[in-house]
Amino acid sequence: MTDKELTTIGAMLYACEGTKARRDYRYDGHFIHSIELTNSDPKIVRTFSLFLKKIIQADWSRVRGQLFIYPDLNGNELVRYWSEVSSIPEGQFQKNILLKAKNGKFKANPFGTFKIRYTCKKDFLKLQSMIEKVWKTTES
């Protein structure tokens, strides 16, 4: 995959699946500029992780992982699994979020749901600029 393709894919993954800037109510007029993507598909997480590393050039020591899992899943095994998928060291994972019992109407993902989080305003704005450029190319 070329850098241009990875840029387009990463920007569109974030535009569709990422957490947008939001108001930080602890401080008047401040916003949280985290690049966050939550998904249960390892291909999406792996691709977005590669995008952060190669295109955004994220400071990898500041990238965090977090799992959303059900009580019947093994959190330690899943941290190892998602660490390998995302290239985020296990020591950079935040506390797992334990979800309530599953609703019998849907089949939950046996790998849980994974969030990749990187907080850097400069890189957040860089990503927003990439998204705008992709939208402009689709308008022509």
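Numbering (this note's numbering) for the sequence shown: 235 to 374. Beta carbons are placed, not taken as given, at the ideal position from N, Cα and C, and that holds for glycine.
**Asked** What residues match up with residue 300 in a beta bridge as DSSP calls it?
**Response** Stepping through the sequence shown from its first residue, residue 300 is reached at position 66. Partner(s): 349.
**Request:** Would you give the residue range spanned by the alpha helix (DSSP H) that residue 320 belongs to?
**Result:** Along the sequence shown, read from residue 1 onward, the residue named residue 320 stands at position 86. Its alpha helix (DSSP H) spans residues 309 to 320.
**Item:** residue 235 burial status per 10 Å Cβ neighbour count (16 or more: buried)
**Value:** What you label residue 235 is simply residue 1 of the sequence shown in a count that begins at 1. Exposed is the call here.
**Message:** Does residue 332 pass the burial test, meaning 16 or more other C-beta atoms within 10 Å, or should it be called exposed?
**Reply:** Within the sequence shown, the letter at position 98 stands for residue 332. The residue in question, residue 332, is exposed, as its Cβ has fewer than 16 Cβ neighbours within 10 Å.
**Request:** From the DSSP output, read off the bridge partner residues of residue 268.
**Result:** Locating residue 268 in the sequence shown gives position 34, where the first residue counts as 1. 353.
**Prompt:** Sorted by chain position, which residues of the same chain lie with C-beta nearer than 6 Å to residue 375's C-beta, five sequence neighbours on each side aside?
**Reply:** Nothing can be reported for residue 375: it is not among the residues displayed for the chain, which extend from 235 to 374.
**Nearest-angstrom Cβ-Cβ length linking residue 345 and residue 274, presumed shorter than 8 Å** = Counting from one through the sequence shown, the residue named residue 345 turns up at place 111. Counting from one through the sequence shown, the residue named residue 274 turns up at place 40. Indeed, because the Cβ distance is near 6 Å, the residues count as touching under 8 Å.
**Request:** Between the Cα of residue 347 and those of 287, 264, 251, spot the shortest distance and give me the residue it belongs to.
**Result:** Walking along the sequence shown from the start, residue 347 turns up at place 113. Selected option, being the one with the closest Cα: 251.
**Request:** Let me know the secondary structure DSSP gives residue 253 once reduced to three states.
**Result:** Residue numbering aside, residue 253 sits at position 19 when the sequence shown is read from its first letter. Three-state result, residue 253: strand.
**Message:** Using DSSP's beta-bridge definition, name the partner residues of residue 332.
**Reply:** Within the sequence shown, numbered from 1, the residue matching residue 332 stands at position 98. According to DSSP, residue 332 bridges with 303.
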